[in-house]
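**Q** Protein chains in written order, with the numbering used here: chain S, 26 to 218; chain V, 482 to 1050.
Beta carbons are placed, not taken as given, at the ideal position from N, Cα and C, and that holds for glycine.
Mind having a look at this structure? Questions to follow.
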Amino acid sequence: MLSQLRATATLLALFTLLLGLAYPLAMTAIAGVAFPDQASGSLVTRGGVAVGSSLIGQSFTGADYLQPRLSAAGDGYDGSASSGTNLAPTSARLAERLRTDGRAMKAATGAALLPADAITTSGSGLDPHVSPAFAELQVPRIAQARGLTPQEVRRVITQNTAGRTLGLLGEPRVLVLGVNLGLDALAPNAAAN
Amino acid sequence: MTVVGWLQILVILAAVVAFAMPLGAFMSKVFQGERNVLTPVLGPVERSFHRLAGIDPGKEQSWLGYALAMLAFNAAGFLILYLLLRAQGLLPFNPQGFAGLSPDLAFNTAVSFVTNTNWQAYGGETTMSHLSQMAGLTVQNFLSAATGIALAVALVRAFARSGAQTVGNFFTDVIRATLYVLLPLAVVTGLAQVAMGTPQTLEASATVETLEGGEQTLALGPVASQIAIKQIGTNGGGFFNVNAAHPYENPSPLSNALTIWQMLVVSIALVFAFGRLIGDKRQAVAILSVMALLLVAGIGVAYWAEAAGTPILASAGLDPAGGNMEGKEVRFGLAASAMFAAVTTGLSDGAVNSMHGSFTPLGGMVPMVLIMLGEILPGGVGAGLYGMLLIAIITVFVAGLMVGRTPEYLGKKIEAKEMKMAILAILILPTAILGFSAVSAVLPAALSGLGNAGPHGLSEIYYAYSSATGNNGSAFGGLAANSPWWNTTLGLAMLLGRFAYIVPMMAIAGSLVAKPKLAPSAGTFPTHGPLFAGLLAGIILILGGLQFFPALALGPIAEQVQMLGGKTF
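Below, the structure is given as structure tokens:
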């Protein structure tokens, strides 16, 4: 019995040192050298200022920007409080929200059918992507707000669209932050228009 | 459903099997103490662990000694983790300055990680210091997985040996499982995850200026080192609140494929190792084919239900061809979300890459049912294999009843004692799930935590106790479970589901190991063919159906019917 207790206590101490400190700290050291950008959050800079992460969605409300999906993370795209709505498919609250948002978006875009991600919230509340169909729906609005042709806006979107990985995994997607950085580079004084 | 979606599912499963075969061969060597490819590097570490802890690897334990060592090791692990969580406010590596956890939350969390459940009643990035994530949660991610592997190996030895008294040395098995299997896989795949974008830093967060002039704080931390073992060890407890739906935990379709691969590979490899250890690979193939068949069926139902969407989504103007994207990420879409949901519950993993509570009722019923079937398709590391072997014992017993012979499995006679113990273990699941659910369904303190009304509210209760008892850890997340009632009862359900299952299982191991191994005779029911596989699949479905169908009729099935009628709550 005593030998069992000794084995238990010693092993827990050894494992805590090995798995709880040595392993994560060694991984941190290796990752910091081999993949410094990814290890520190894949931050995107513009003019030396960090403006976001290429992996994390951020809030865009202006008509001149490609707008992301709805977010339930904090007050919306809170990078320190990820969350979905967790509303049931039969939730009255969800149904009411979908009806209101659907009506508004159909009126604004003139679309008969909306893409599946247009008025649904993502799982993380930090989804950095929209579907190509949802991006296309926003092209006329962005073009008008920026004084660009739809073709120019589409070109920026295409540059920030990824297909299925290996033609197989996941779904085609448009990186919202990438598009908006591209739009700003193309028409920098959009805010003034 | 699309062809590409199905192709994605089948390619990932094929990649798992392709690697699990050699890994299984490697593991069978490791647990027989044979020289293997990693011995030159890890042999000295293994020997020093044995020496420092005063363990003689040649000195084996009876089933009771093995079980007691396991209980002591887990009890001590629980105590250390509980104290660490309570005291985290006073300890280093706490850049966010988080306070210690409340007693009920610390109890729930410590039980959760020691039992390989990883139910999370808290949001990681808003609760846990780096020290708690690393020295607390990550350590138990390894050790609870190693405990499961050790127990499965002990049961397999009981089948393999003839007229023996001992089933192995628990401490030696845990050391070997950790050093040779879990740690190398975690290091290699964890670094791959960093390369794909998962952060690994001691910084707490980064603050950025958004394009529209706002400020965004991005929570960071030693993420990759924890989520690698969370998947390899089928723990499932995420670094962030939304787990593998978080773009840092699971940045891309490729990382998603890797994550699914990680959580399946050790459990499948264990089945191959089982075939080698008992010296009959056909037995492993029979079990594996049942696991694969039912798991793919589960994936199929979830995928179909999510692709079908809901009338409520359609009436809001959404394209019905797009399916149900509420609670799902664009980069994964329907196929990869449905597959993840089925795999994480066919296993006892519990990580999620989409919000199960926002699935359609039938789509959300799939993960719930997979947990209720006992998480043996293929089940968590170790726990899946020993769970499946218990069902196999029941299956040969039922077959024996039909033809009037004493049942045998793998050359061991199955008699009254084994059957009693197997039934005792199996009954834990319905007792805890339905018992706790019944009480919670009428208790105001429990009901105040529900996030949704109507049948879905009942489903939230079922799911929570299924997840806890099955040591899964996923949730219908609408439930606000961080309250004394939920923390305490879910903690108890986790303990029952883990240890009240393990002790009878080990008693079976003790009884079987002492029996002589019989050569198959003309009257032996072969357990490697399609007939046995079909019977095994049938028993799994019938057992689960008898136990849980009435409950499911009041929850997800009622909700599906109401939803088709356009009713909301």
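With a threshold of 8 Å between beta carbons, is PRO153 of chain S in contact with chain V?
**A** Yes, because at least one Cβ of chain V sits closer than 8 Å to the Cβ of PRO153 of chain S.
**Q** Have a look at the DSSP bridge pairing and note the partners of ARG198 of chain S.
**A** ARG198 of chain S pairs with S:ALA187.
**Q** What does the alpha-carbon distance come out to for the pair SER96 of chain S and LEU533 of chain V?
**A** Cα to Cα, SER96 of chain S sits roughly 52 Å from LEU533 of chain V.
**Q** Just checking: is the beta-carbon of VAL675 of chain V within a distance shorter than 8 Å of some beta-carbon in chain S?
**A** Chain S contact via Cβ: present.
**Q** Can you round the beta-carbon distance between VAL746 of chain V and VAL497 of chain V to whole angstroms, since I take them to be within the 8 Å contact cut?
**A** Yes, they are in contact, since the Cβ atoms of VAL746 of chain V and VAL497 of chain V sit about 5 Å apart, within 8 Å.
**Q** Within a Cβ cutoff of 6 Å, which residues of the same chain sit near ALA990 of chain V, ignoring the five residues on either side of it in sequence?
**A** Counting only Cβ-Cβ distances below 6 Å, and skipping sequence neighbours, we find TRP544, ALA635, LEU636, ALA639, VAL648.
**Q** Within 8 Å (strictly less), CB to CB, does THR698 of chain V reach chain S?
**A** It does; some Cβ of chain S falls within 8 Å.
**Q** Do you know how far the Cα of GLY714 of chain V is from the Cα of GLN707 of chain V?
**A** If I take the Cα positions, the gap works out to 11 Å.
**Q** In the DSSP assignment, find the alpha helix (DSSP H) that holds THR110 of chain S and state where it starts and stops.
**A** Neither: THR110 of chain S is in no alpha helix (DSSP H) and is coded neither H nor E.
**Q** Between the Cα of ALA143 of chain S and those of V:ILE852, V:GLY804, V:THR1049, V:PRO1001, spot the shortest distance and give me the residue it belongs to.
**A** Ranking the options by Cα distance to ALA143 of chain S, first place goes to V:GLY804.
**Q** Taking only three categories from DSSP, how would you classify THR146 of chain S?
**A** Of the three classes helix, strand and coil, the one that applies to THR146 of chain S here is strand, per DSSP.
**Q** Check whether the Cβ of ASN933 of chain V lies closer than 8 Å to any Cβ atom in chain S.
**A** Interface residue, yes.
**Q** Indicate whether at least one CB of chain V lies closer than 8 Å to the CB of ALA215 of chain S.
**A** Residue confidence for ALA215 of chain S is low, a pLDDT of 48 falling below 50, so the modelled location carries little weight; the figure read from the coordinates is stated next. Judged by the 8 Å Cβ criterion, ALA215 of chain S is not in contact with chain V.
**Q** Just verifying my parser: in three-state terms, what is the DSSP assignment at GLU696 of chain V?
**A** GLU696 of chain V: strand per DSSP, three-state reduction.
**Q** For TYR890 of chain V, list the residues DSSP reports as bridge partners.
**A** TYR890 of chain V pairs with V:LYS893.
**Q** Can you tell me the Cα-Cα spacing of VAL920 of chain V and GLY1036 of chain V, whole angstroms?
**A** Spanning the two alpha carbons is a distance of roughly 16 Å.
**Q** Give the range of the alpha helix (DSSP H) segment to which SER992 of chain V is assigned.
**A** First-last of the alpha helix (DSSP H) with SER992 of chain V: 982 to 995.
**Q** Check whether the Cβ atoms of HIS611 of chain V and GLY702 of chain V lie closer than 8 Å to each other.
**A** In this structure, GLY702 of chain V lies closer than 8 Å to HIS611 of chain V by Cβ.
**Q** Using a Cβ distance threshold of 8 Å, determine whether the region 135 to 155 of chain S contacts the region 788 to 807 of chain V, with at least three qualifying pairs required.
**A** Touching, yes, given that three or more Cβ pairs across the two stretches are closer than 8 Å.
**Q** With 16 other CB atoms within 10 Å as the buried threshold, where does ALA945 of chain V fall?
**A** With 16 or more Cβ atoms within 10 Å of its Cβ, ALA945 of chain V is classed as buried.
**Q** Suppose the cutoff is 6 Å on Cβ atoms and the five residues either side in sequence are ignored; what does the same chain contact list for ALA215 of chain S look like?
**A** Its pLDDT being 48, under 50, ALA215 of chain S is placed unreliably by the model, and the measurement read from it follows with that caveat. Excluding positions up to five away in sequence, the list reads ASP89, ARG171.
**Q** Could you tell me how far apart the beta carbons of LEU775 of chain V and LEU858 of chain V are, in whole angstroms, since I believe they sit closer than 8 Å?
**A** Going by Cβ atoms, the distance from LEU775 of chain V to LEU858 of chain V rounds to 5 Å, so yes, they are a contact pair.
**Q** If you draw a straight line from the C-alpha of LEU504 of chain V to the C-alpha of MET482 of chain V, how long is it?
**A** Near 33 Å, if we compare the C-alpha coordinates of MET482 of chain V and LEU504 of chain V.
**Q** Between the region 688 to 712 of chain V and chain S, which residues of the former have a C-beta closer than 9 Å to a C-beta of the latter?
**A** Here the close residues are THR688, VAL689, GLU690, THR691, LEU692, GLU693, GLY695, GLN697, THR698, LEU699, ALA700, LEU701, PRO703, ALA705, SER706, GLN707, ALA709, ILE710.
**Q** Below 8 Å on C-beta distance, what does HIS937 of chain V contact in chain S?
**A** Simply ALA113, PRO114, THR115, SER116.
**Q** With 16 other CB atoms within 10 Å as the buried threshold, where does ASP830 of chain V fall?
**A** Classification of ASP830 of chain V: buried, given that the 10 Å Cβ count is 16 or more.
**Q** According to the Cβ coordinates, are LEU751 of chain V and ILE872 of chain V closer than 8 Å?
**A** For LEU751 of chain V and ILE872 of chain V, no; Cβs fall outside 8 Å.
**Q** Once you ignore the five residues that flank GLU807 of chain V on each side, which residues in its own chain have a CB closer than 7 Å to its CB?
**A** Excluding residues within five positions, the ones whose Cβ falls inside 7 Å are SER839.
**Q** Could you name the residues of the region 653 to 679 of chain V whose beta carbon sits closer than 8 Å to any beta carbon of chain S, in the order they occur along the chain?
**A** Under the 8 Å Cβ criterion, the region 653 to 679 of chain V contributes VAL655, ILE656, THR659, LEU664, ALA667, VAL668, GLY671, LEU672, VAL675, ALA676, MET677, GLY678, THR679.
**Q** Check whether the Cβ of ILE536 of chain V lies closer than 8 Å to any Cβ atom in chain S.
**A** So, interface residue.
**Q** THR607 of chain V lies in the alpha helix (DSSP H); which residues open and close that run?
**A** Start and end: 605 to 608.
**Q** Going by DSSP, what residues sit across from GLN542 of chain V in a beta bridge?
**A** In the DSSP output, where bridge partners are listed per residue, GLN542 of chain V has V:GLY649.
**Q** Per DSSP, GLY77 of chain S forms a beta bridge with which residues?
**A** In DSSP, GLY77 of chain S forms a bridge with S:VAL69.
**Q** Do PHE651 of chain V and GLN513 of chain V have their beta-carbon atoms positioned less than 8 Å apart in this structure?
**A** Result no, Cβ atoms of GLN513 of chain V and PHE651 of chain V do not sit closer than 8 Å.
**Q** Establish whether the CB of ASN218 of chain S and some CB of chain V are separated by less than 8 Å.
**A** Because ASN218 of chain S carries a pLDDT of 40, less than 50, the predicted location of this residue cannot be relied on, and no value is offered for it.
**Q** Applying the 10 Å Cβ sphere with the 16-neighbour rule, what's the burial state of ILE1021 of chain V?
**A** So ILE1021 of chain V counts as buried.
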